[in-house]
Amino acid sequence: MRRRAAFVELLALWVHPGRSKSGWERTGNPSNANHAAGANQLAKGHTPVTAKKKSGESPKTDRPLGECVRKLRESQQLSVRTLASKCGFSASFISQIELGQASPSLASLERLAAALGVTLGEFFQTASPPGPAIVRAAERQALHSEWSHAKIETLGAIHPGSRLEAILVTLRSGGASGSRVHTHETELLAVVFDGEVLLTLDDAVHALERGDAVTIPAGTRHRWQNKSGKSAQILKVNPRMNF
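Count along the sequence shown from 1, add 971, and you get the number used in my numbering.
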């Protein structure tokens, strides 16, 4: 238990630099004002993208998801219809994502990544050249899923030969990784850094709080939910599929 506590504190200082051991809890939560889901669903598990940005947020750290998907698709010489067929979506929905007119859930993002042969972290790599190994807290690149009420941040640069990737998911109140349980193609280690979440593993639901960790084997059906009144943060570490 002491080892795990020490490990969590160390990772907490990594994710929240400048926090002391006794005071690394977040003192606030991201505002929900600019992240409300669209009123009309475009497809099950997806909502329109809102164009608003949080006050003071640097535009350099927000990655255009649609542009990332399009660049990856074109680099592999895939048509919109071919990509749609590979991930089980309609061609019109893929087009809406690329045009910034629709935002997929976290689960749908993972399906898109798998169909493109990449991980979520590698979406960021397509948006800018590989950066240095040090990623400052204020310079993390981020993607947003309005359906999931979530922000996904990369915690490390993806370079050729990288074995692992780490992302930080901020799941706002009422958010969920998908409308139903879904699977991941690789083993996943997750640590709850802040707040409380519900994790469904197959048919069992587990309440997790700050400091709790879980290892999810590849192919395990799971789903994340935040039914609390404040945002929660989850660190996810998994091996790259293409290493």
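A virtual CB, placed ideally from N, CA and C, is assigned to each residue, including glycine.
For the segment 1101-1120 against the segment 1136-1148, do three or more pairs of beta-carbon atoms, one drawn from each stretch, fall closer than 8 Å, so that the two count as touching? yes
Return helix, strand or coil for L1049, following the three-state DSSP convention. coil
Candidates L1126, G1092, L1114, D1183, of which the one nearest A1108 by Cα: Ranking the options by Cα distance to A1108, first place goes to L1126.
DSSP three-state call for E1156: helix, strand or coil? coil
On the CB-based measure, 16 or more other CB atoms within 10 Å of its CB, does H1177 come out buried or exposed? exposed
Can you give the Cα-Cα distance for K1139 and L1080, rounded to whole angstroms? For clarity, residue 1139 is Leu in the given sequence; the question names Lys instead. C-alpha separation (whole angstroms): 15 Å.
Can you give me the Cβ contacts of A1084 inside the same chain, cut-off strictly under 8 Å, excluding the 5 residues immediately before and after it? T1090, L1091, E1093, F1094
Give the straight-line distance between the Cα atoms of A1175 and V1152, rounded to the nearest whole angstrom. 11 Å
Decide yes or no for the touch test of the segment 1150-1164 against the segment 1183-1192: beta carbon pairs closer than 8 Å, at least 3 of them. yes
From the DSSP output, which residues share a beta bridge with R1233? Nothing about residue 1233 can be reported from this structure: the residues present for the chain run from 972 to 1214 only.
Quickly, what does DSSP pair P1035 with across the bridge? List them, please. Answer is none; P1035 lacks a bridge partner.
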